[in-house]
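Everything on this sheet refers to the single structure shown next.
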Amino acid sequence: MRYRYFLFLFLAYSLLNISCKQNKAEPDPKNDVFQLVSSSSTGITFNNKVVDDGEFNVFNYRNFYNGAGVAIGDVNNDGKPDIFFTSNQGENKLYINKGNWKFEDVTARAGVKGYKRWHTGVTMVDINGDGWLDIYVSNSGGMKNADRANELYINQKDGTFKEEAVQYGLADKGLSTQAIFFDYDHDGDLDCFVLNNSYRPIGSFGYNRDLRDVRDPQNGDRLYRNDNGKFVDVSEQAGIYGSEIGFGLGVEAGDLFNSGWDDMYISNDFFEHDYLYQNLHNGKFKEISDNAIGHMSLSSMGSDMADVNNDGFLDVFTTDMLPENDYRLKTTTKFDEYDVYNAKLKNSFHHQFTKNCLQLNNGDGTFSEIADLAGINATDWSWGALCFDFNNDGWKDIFVSNGISRDLTNQDFLAYFGSDEVMDEVRNGGFKSKNFLNKMPKTPISNYGFINQKNLQFKNATEQLGLSLPSFSNGAAYGDLDGDGDLDLVVNNENGEAFIYRNMTSERNHAHYLKINLKGNGMNTFGIGAKVTIYTNGIQQLLEQMPTRGFESSIEPVLNFGTGTFTKVDSLRIVWPDLKKMLIRCSNRLMPAVLNHTIKM
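Written out as structure tokens, the structure is:
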């Protein structure tokens with residue numbers, strides 16, 4: 009019997025440090041789990057510089073300070089993950105990993121700097137099934153008559169890329185935030201969902217639920233089906249909303265109901281509620297948030313799907329803008345009054361609250377929101393949401409990226425801006441955007457790191473983790489940049505150099521790990537959508553191969569399991585995107601430090 013997928017299992021345990029023969033930077037004596045590696049050392053000097061001026065600023069483009077993303081993946085197939093940054097106003101950057109925490113800027117030679125003005129999200133994906141990662145860049149911006157078509161860079165396998173979005177049918181012209189690729193219809197190739205935002209002023213909508221069913225020909229969300237390499241818009245027939253009230257900021261796909269088919273969670277900003285799309289297994293989706301979710305974030309930003317309690321079901325985490333400390337709460341936050349909340353509820357905009365939400369999967373088609381119980385409900389103006397194992401103990405922790413270049417919701421500024429004096433000035437043609445921008449406060453704030461306490465609660469360990477440097481951080485991604493078995497972190501900052509964090513877990517704690525590379529012999533070469541569960545000493549861990557995560561970003565497409573003090577794995581269970589299953593029973597002997605194992609299915 010011929011099977012479609014090959015599984016390459018690289019089982020790397022740090023028992024004797026045999027896997028650490030490569031040259032590595034000397035560990036810093038500090039105790040931080042994540043150590044910031046300087047740009048002078050890495051060669052990564054990327055800075056998403058955003059300059060507001062009289063022509064283009066937050067007054068004529070609402071998402072001016074939303075920032076940009078980052079993608080991690082091995083684009084030259086040398087075994088080391090590389091890094092791609094998007095830039096809002098400048099050039100995108102591709103850095104090739106040379107080893108030993110050194111990176112080379114190859115942007116010009118590779119031909120990926122971008123030719124549009126406002127780049128947002130990025131995803132690495134092998135779109136043509138040749139085994140080489142390509143790069144899809146989402147574009148946005150509020151300039152009149154601007155060319156916002158998204159860009160698709162096809163890997164030429166020689167260090168260069170060729171832009172072919174039009175040829176593939178993926179030159180989407182909406183205000184795109186991010187795209188995600190997965191095989192929603194199980195035909196063996198990767199389809200594409202493009203998440204778009206909207207131009208229209210918020211105050212012009214009212215609370216008209218009928219608008220949800222009116223498709224915006226340019227800016228609504230879109231689902232593209234891959235038909236033999238050409239992507240076709242099937243949004244309407246697939247049951248995907250595409251209206252101008254969908255202010256999309258986050259998109260995740262994953263098998264939420266353990267059916268073998270990937271569902272989607274869409275984070276919508278402002279008054280439109282989030283969408284939970286259940287895959288109906290017939291090429292269609294059904295939006296089920298009313299029945300599945302009790303309440304959700306009001307201004308949902310980034311999101312992630314992960315099994316945070318190791319029960320075998322994916323949970324959903326979304327970020328919002330609720331400050332942790334009282335001063336920020338009083339100066340930057342205003343909550344809906346009862347009549348506004350009630351008007352939204354009566355018009356099918358669901359129960360929404362200004363807070364992060366952790367939707368715990370109950371395993372019966374419903375979710376319980378537990379962010380307050382978990383201690384992760386308030387992280388200020390948050391963007392990226394990443395759930396991954398910081399310390400290789402077998403439990404997913406949570407990273408949140410934070411900050412906005414100007415405090416748009418500062419209550420003192422809003423009171424001044426709405427004053428009669430200012431309104432008279434505006435009516436008389438005296439509006440000078442720069443004058444008003446200078447009156448908006450700038451408050452860099454810390455990112456957050458939470459350690460899983462293994463009881464549905466998380467400990468705020470930002471300081472101990474080494475993540476407390478104030479910044480304006482947006483997109484973020486993780487991957488094993490030095491190949492030592494722990495997950496390093498890359499953060500795209502607005503008006504500041506990118507953070508490159510080295511994870512010191514392997515150097516200090518010698519926690520064991522299992523690294524799994526999935527390969528297929530069809531068009532889905534990285535096994536996108538495959539679910540792998542490992543069983544170790546009575547504990548199960550689930551990871552799904554779905555690189556697009558967080559906010560405008562995508563992670564390294566390799567599954568990294570921490571096993572803590574345990575030096576063996578009892579068994580592995582793989583469910584492939586075509587629903588084929590594999591169970592691998594491991595021997596009871598200790599795993600060697602490095603075991604290369606190839607299994608043909």
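What the sequence shown shows, in this note's numbering, is residues 9 to 609, in sequence order.
By construction, the Cβ of each residue, glycine as well, lies at the ideal position given by its N, Cα and C atoms.
Give the C-beta separation of residue i and residue j to the nearest angstrom, bearing in mind that I take them to be a contact with Cβ-Cβ under 8 Å.
| i | j | result |
| --- | --- | --- |
| R233 | V240 | 5 Å |
| L203 | A187 | 7 Å |
| N55 | N96 | Contact flag wrong, Cβ pair sits at about 11 Å. |
| I253 | S308 | Contact doesn't hold; Cβ gap of about 14 Å is too wide. |
| N153 | S184 | The pair is not a contact, with the Cβ atoms about 17 Å apart (cut-off 8 Å). |
| I563 | Y486 | 5 Å |
| F255 | D277 | 4 Å |
| I52 | A506 | 6 Å |
| D229 | G250 | 5 Å |
| G483 | E560 | 4 Å |
| M448 | D415 | 6 Å |
Using a Cβ-Cβ cut-off of 7 Å (strictly less than) and excluding sequence neighbours within five positions of residue i, which residues of its own chain qualify?
| i | result |
| --- | --- |
| K442 | G62 |
| A246 | L231, G291, K292, F293 |
| A617 | Absent from the structure is residue 617, since the part of the chain shown begins at 9 and ends at 609. |
| N336 | Note that residue 336 is Arg in the sequence shown here, rather than Asn. Taken in chain order, the residues that qualify are D388. |
| Q164 | K170 |
What residues in its chain sit with their C-beta under 6 Å from that of residue i, if we drop five residues either side in the sequence?
| i | result |
| --- | --- |
| Q465 | A382, G383 |
| G119 | T168, F169 |
| I453 | D388, N410, G411, P478 |
| E159 | V145, E171, A173 |
| G214 | none |
| E295 | Y283, Y285 |
| E99 | K121 |
| V324 | Y273, M313, Q367 |
| Q30 | Caution is warranted here: a pLDDT of 34 is assigned to Q30, below 50, making its placement in the model unreliable, and the coordinate value is therefore given only provisionally. Excluding residues within five positions, none has a Cβ falling inside 6 Å. |
| T556 | T131, I188, S562 |
Please list, in chain order, all residues of the same chain as residue i whose beta carbon is under 8 Å from its beta carbon, the five residues on each side excluded.
| i | result |
| --- | --- |
| S305 | S275, D282, T326, T327, D328, Q360, F361, T362, K363, N364, C365 |
| C594 | K576, V577, D578, S579, L580 |
| S376 | G302, Q367, L368, N370 |
| L587 | H194, G268 |
| E112 | G51, Y103, I104, K106 |
| F357 | Y215, R217, F279, E280, H281 |
Among the options, which residue has its Cα nearest to the Cα of residue i?
| i | options | result |
| --- | --- | --- |
| T417 | A484, N500, T341 | T341 |
| Y424 | L257, G411, R414, F444 | F444 |
| G150 | F507, P209, F458 | P209 |
| F440 | N68, N39, S49, V130 | The sequence shown places Lys at residue 440, rather than the Phe named in the question. That would be N68, whose Cα lies nearest to the Cα of K440. |
| Y176 | L44, G237, H289 | G237 |
| G558 | A506, G392, R510 | G392 |
| I592 | E505, Y521, V540 | V540 |
| V66 | L495, A379, S413 | S413 |
| K404 | M531, E99, L551, D488 | L551 |
| I534 | S47, D142, S49, K124 | Residue identity differs from the one stated: residue 534 is Phe in this sequence, not Ile. Of S47, D142, S49, K124, the residue nearest in Cα terms is D142. |
| H289 | R336, D191, D347, S251 | D191 |
| V549 | L257, Y249, D319, S251 | Rather than Val, the amino acid found at residue 549 in this sequence is Gln. Checking every option, the nearest Cα to that of Q549 belongs to D319. |
| L198 | R156, I162, G137, R435 | G137 |
| S481 | L422, T571, N455, F189 | N455 |
| A469 | G483, G493, F398 | F398 |
| D372 | E260, V408, N299 | N299 |
| G491 | P331, E244, K354, N511 | N511 |
| V83 | D134, T374, Y123, F343 | D134 |
| G182 | D155, G196, D166, C200 | D155 |
| F4 | V259, D166, I162, A157 | Residue numbering for the chain in the displayed model covers 9 to 609; residue 4 lies beyond these limits and cannot be assessed. |
| M554 | I547, P585, I162 | P585 |
Using DSSP's beta-bridge definition, name the partner residues of residue i.
| i | result |
| --- | --- |
| R230 | V202 |
| I459 | K467 |
| Y103 | I91, D113 |
| M313 | V324 |
| Q360 | M304 |
| D494 | DSSP output for D494 lists no bridge partner at all. |
| G570 | Y521 |
| E171 | Y161 |
| I453 | S479 |
| G258 | S275 |
| D235 | K238 |
| L550 | T541 |
Could you tell me if the beta carbon of residue i falls within a distance shorter than 7 Å of some heavy atom in the ligand SAM?
| i | result |
| --- | --- |
| L422 | Ligands displayed in this structure: none; no statement on the ligand SAM is therefore possible. |
*Count the C-beta pairs between the region 493 to 502 and the region 73 to 80 that are closer than 8 Å, then say yes if the count reaches three, no if not.*
By the Cβ criterion, the region 493 to 502 is in contact with the region 73 to 80, since at least three pairs of Cβ atoms, one from each stretch, lie closer than 8 Å.
*Is the region 109 to 127 close to the region 512 to 522, with three or more CB pairs under 8 Å?*
Contact fails between the region 109 to 127 and the region 512 to 522, because fewer than three Cβ pairs, one in each stretch, are under 8 Å apart.
*Would the region 309 to 319 and the region 392 to 404 be scored as touching if the rule is three or more Cβ pairs under 8 Å?*
Inter-segment contact for the region 309 to 319 and the region 392 to 404 is present: three or more beta-carbon pairs are separated by less than 8 Å.
*Are the region 103 to 110 and the region 83 to 92 in contact at 8 Å, needing three or more beta carbon pairs?*
Contact holds: three or more Cβ-Cβ distances are below 8 Å.
_Validate contact between the region 36 to 51 and the region 129 to 136 using beta carbons, cut 8 Å, 3 pairs_ = With a cut-off of 8 Å, the region 129 to 136 and the region 36 to 51 do not count as touching, because too few Cβ pairs lie within range.
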